[in-house]
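A.B. asks: Please read through the structure below; I'll follow up with questions.
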Amino acid sequence: MDSEQKNDLVREVAAQFPGSVLKTWGGSDGDPLRVVGFSLPSVLGEPEGMGIHVNYNEYKNTLNICGEYPKSKVNRGQEFYPRDCYPSVATPSMGCSAEKSPEKIAADIKRRFIPEYLVAFAACAARRDMFDAADNAKTELADSLAGILGGESHGNWQRYGSRDVHPVRDRVDFGAGSIETHTDSAEFKIRLPADKAKKLATFLANL
733 MDSEQKNDLV REVAAQFPGS VLKTWGGSDG DPLRVVGFSL PSVLGEPEGM
783 GIHVNYNEYK NTLNICGEYP KSKVNRGQEF YPRDCYPSVA TPSMGCSAEK
833 SPEKIAADIK RRFIPEYLVA FAACAARRDM FDAADNAKTE LADSLAGILG
883 GESHGNWQRY GSRDVHPVRD RVDFGAGSIE THTDSAEFKI RLPADKAKKL
933 ATFLANL
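First residue of the sequence shown? That's 733 in this note's numbering, and the numbers climb one at a time after it.
In structure tokens form, the structure reads like this:
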């Protein structure tokens, strides 16, 4: 099976899932187009992050099916996989012969893969939501402290693939120093010059 035949097979399998959207790589600057999978909005209900990835083993003439997992809604570069969950959950995958018809491959995916994938994705989404809530709390705390101190809240620029992403605001710079918020919104780290740190310590000791 050459690359174009593999692309056609993935297209035909995707057609068995109404509402799916093909996922492709390449297709420009001399890089051949590869159809690598498809999303599953009609099956799983959340278009972003849910989908099927198809790998072809030319030596065995088999397909390996695995899933895509959710990205943070706050920090778009961060992804959550089954291995990141606590407790960890199994990462589902399945193999099948590329000789099967698209209809039979799709039926196998629905029967053998999707039930376990739903469990794994739900665990990853719960982990994602927990981290997003903590990140939102950090941003809210940093913005609040910046307003009180007359400072500025910001994060650090990070690079994800071809995109620059400005992450969660977790630092406040103000005239006397800086504050870093932690994942727990009730905690933060303060950096001050020695003389002002002593004054703060005296103040806290008298609370």
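Glycine included, C-beta positions come from ideal geometry on N, C-alpha and C.
With a Cβ-Cβ cutoff of 7 angstroms, do Val904 and Ser885 count as a contact?
C.D. replies: Yes, the pair counts as a contact, with Cβ atoms nearer than the cut-off.
A.B. asks: Nearest by alpha-carbon distance to Tyr813: which of Glu912, Arg860 and Leu765 is it?
C.D. replies: Nearest C-alpha to Tyr813: Arg860.
A.B. asks: So, with DSSP's three-state summary, where would you put Tyr813?
C.D. replies: Coil at Tyr813, not helix or strand.
A.B. asks: So, are the CB atoms of Cys828 and Asp840 less than 7 angstroms apart?
C.D. replies: Contact: yes.
A.B. asks: Counting C-beta neighbours from all protein chains within 10 Å, is the total for Thr871 16 or more, i.e. buried, or is it exposed?
C.D. replies: Buried is the call here.
A.B. asks: Within the continuous beta strand (DSSP E) that includes Asp905, where are the two ends?
C.D. replies: Element bounds for Asp905: Arg903 to Phe906.
A.B. asks: Looking only at its own chain, which residues have a Cβ that is under 8 angstroms from the Cβ of Ser917, when we skip the five neighbours before and after it?
C.D. replies: Residue confidence for Ser917 is low, a pLDDT of 49 falling below 50, so the modelled location carries little weight; the figure read from the coordinates is stated next. Correct list, in chain order: Ala866, Ala869, Lys870, Glu872 and Leu873.
A.B. asks: Check the DSSP bridge columns for Val745 and list the partner residues they point to.
C.D. replies: DSSP, once it has assigned bridges, lists no residue as partnering Val745.
A.B. asks: Once you ignore the five residues that flank Gly893 on each side, which residues in its own chain have a CB closer than 6 angstroms to its CB?
C.D. replies: Residue placement at Gly893 is flagged as unreliable, the pLDDT there being 47, under the threshold of 50; the coordinate-derived value follows with that caveat. For Gly893, where only same-chain residues beyond five positions count, there are no Cβ hits under 6 angstroms.
A.B. asks: From Tyr788, Asp734, Gly769 and Phe749, pick the residue whose C-alpha is nearest to that of Lys755; which is it?
C.D. replies: Looking at the Cα atoms, Gly769 is the closest of the given residues.
A.B. asks: Return the CA-CA distance between Ala937 and Lys928, expressed in angstroms with no decimal places.
C.D. replies: Each residue's Cα considered, the two are about 14 angstroms apart.
A.B. asks: Which residues does DSSP list as the beta-bridge partners of Leu754?
C.D. replies: BP columns for Leu754 point to Phe770.
A.B. asks: Between the C-alpha atoms of Glu848 and Asn807, what's the straight-line distance to the nearest angstrom?
C.D. replies: Looking at the two C-alpha atoms, the distance is approximately 27 angstroms.
A.B. asks: Classify Ala746 as buried or exposed, calling it buried when 16 or more other Cβ atoms lie within 10 Å of its own Cβ.
C.D. replies: Counting Cβ neighbours within 10 Å, Ala746 comes out buried, since at least 16 surround it.
A.B. asks: May I have a chain-ordered list of the beta strand (DSSP E) segments no shorter than 3 residues that lie completely inside the stretch 813-900?
C.D. replies: Fully enclosed beta strand (DSSP E) runs of 3 or longer: 825-829, 884-886, 890-892 and 895-897.
A.B. asks: Tell me which residues share the same chain as Thr794 and place their Cβ nearer than 7 angstroms to its Cβ, disregarding the 5 neighbours each side in the sequence.
C.D. replies: Contacts found: Gly827, Cys828, Ser829 and Ala830.
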